[in-house]
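With our numbering, letter number 154 in the sequence shown gets 997, and the count goes up by one each step, no holes.
Idealized CB from N, CA, C, for every residue including glycine.
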Amino acid sequence: MEIPDEIFDESELLWKSYVVGYFIGDAPHVGSIHATVNRIWASPKGGSKIDVQFIKKNTVLFRIENSQMRASVVQRKHWHISDVPLVVNVWSPESALNPPDLSLMPMWVDLRGVPNNLYSHKGLRCLFKAAGKFVKLHPTTEKCVRLDVARVLVEVNLHQELVEKISFRDNAGTLREIGVAYPWLPPRCSVCRKWGHKGQDCVCKEVRILNKKTVAGSTFTPVPQTEDMVKRTEGNVIAGLMNDLEAITPHTAHNSLLTLRDDVLGGSEPGLQSAEKDLEPKK
């Protein structure tokens, strides 16, 4: 059959009401997610509930029928559900399993040892540009609760190396250095070294699994055995054992036992004599 082009161009697709969310870390229980998003996203006057369903371990689909609320959720992009960061994007069947965009991840960043003459909105904004895009000051920093640490919310690009220190020259020309710390960081893969997932969840195509170490610095990968290969190997082992048993004649076993008695015990032993009689060929 032929399907008209206007059907393919249909704009009222049933899945258009979905958005996809990627948890940066272990996802909360589905019940906790459902209760939270229906409290902060659902419209009290709309009457429709937001549906939640997992499509991967840390990837969730949200069905938001209210178009304005759906657009608002996607526009903000970064949320926290049960203290776990959530990145929300527009969903389509083609992009459902794409990794989350971590180029503008909002995170609290601490600067230690900020000079007193830079402890201001403009001064801190200028310093934090080295770590990412300035968003806002932490309430404790704004109220000067601690003058030894300045904490600011910054959009950090996790696809790049994190800044660990900031060097600059002050108004006297002296070279100064400020340490940068991150109170929280998302999980980092031990395999591909990327942020946002753990090694056990890595799906990188370039991953090479090393099965066993032989010599320091070298590895090998065992050849998979088929059922037929296993049977042949077992058959060869059994055949070899049978040949060894057939080679041991009663006379040979008798002499071997006598030698063992003389070498080890140095004399006659009732138990060994009984064993010798059992091994003697019957007349």
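- Cβ contact annotation for residue 1000 (same chain, cutoff 8 Å, sequence separation greater than five): 945, 946, 947, 948, 975, in chain order.
- If you draw a straight line from the Cα of residue 846 to the Cα of residue 852, it is about 11 Å long.
- Residue environment for residue 887: exposed (fewer than 16 other C-beta atoms within 10 angstroms of its C-beta).
- Taking a 10 Å sphere around the C-beta of residue 893, we find 16 or more other C-beta atoms and assign the residue as buried.
- Here residue 923 is bridged, per DSSP, to 928.
- Straight-line measurement puts the Cα of residue 998 at about 28 Å from the Cα of residue 1014.
- Looking only at 850, 1011, 864, the smallest Cα-Cα distance to residue 972 is reached by 1011.
- For residue 982, the uninterrupted alpha helix (DSSP H) segment begins and ends at 982-985.
- Annotated three-state conformation of residue 993 is strand, per DSSP.
- With a cut-off of 8 Å on Cβ pairs, the segment 871-880 is in contact with the segment 894-901, counting three or more such pairs.
- For residue 875, the enclosing alpha helix (DSSP H) has its first and last residue at 873-883.
- If you check the CB distance, residue 981 and residue 1027 do not come in under 8 Å.
- At a Cβ-Cβ threshold of 8 Å, residue 988 and residue 955 do not count as neighbours.
- In this structure residue 967 is in contact with residue 995, their Cβ atoms being roughly 6 Å apart against a cut-off of 8 Å.
- No residue range can be given for residue 1031, since it is assigned to no alpha helix (DSSP H) and is classified by DSSP as neither H nor E.
- For residue 913, the secondary structure class from DSSP, reduced to helix, strand or coil, is helix.
- One Cα belongs to residue 1004, the other to residue 848, and the distance between them is close to 47 Å.
- When only Cα atoms are considered, residue 929 and residue 866 end up about 5 Å apart.
- Under the three-state reduction of DSSP output, residue 975 falls in the coil class, being neither helix nor strand.
- Spanning the alpha carbons of residue 872 and residue 844 requires a straight line of approximately 45 Å.
- Per DSSP, residue 849 is one residue of the alpha helix (DSSP H) stretching across 848-851.
- Pairing residue 924 with residue 1043, the inter-Cα distance amounts to about 23 Å.
- One alpha carbon belongs to residue 1036, the other to residue 901, and they sit about 18 Å apart.
- Proximity to residue 905 across 1022, 919, 858 peaks at 858, based on C-alpha coordinates.
- With a beta-carbon spacing of about 5 Å, residue 860 and residue 908 fall inside the 8 Å limit used to define contacts.
- The beta-carbon distance between residue 927 and residue 864, rounded to whole angstroms, is 10 Å. This is too long to meet the 8 Å contact definition.
- Residue burial is scored here from C-beta neighbours: residue 943 has at least 16 other C-beta atoms within 10 angstroms and is therefore classed as buried.
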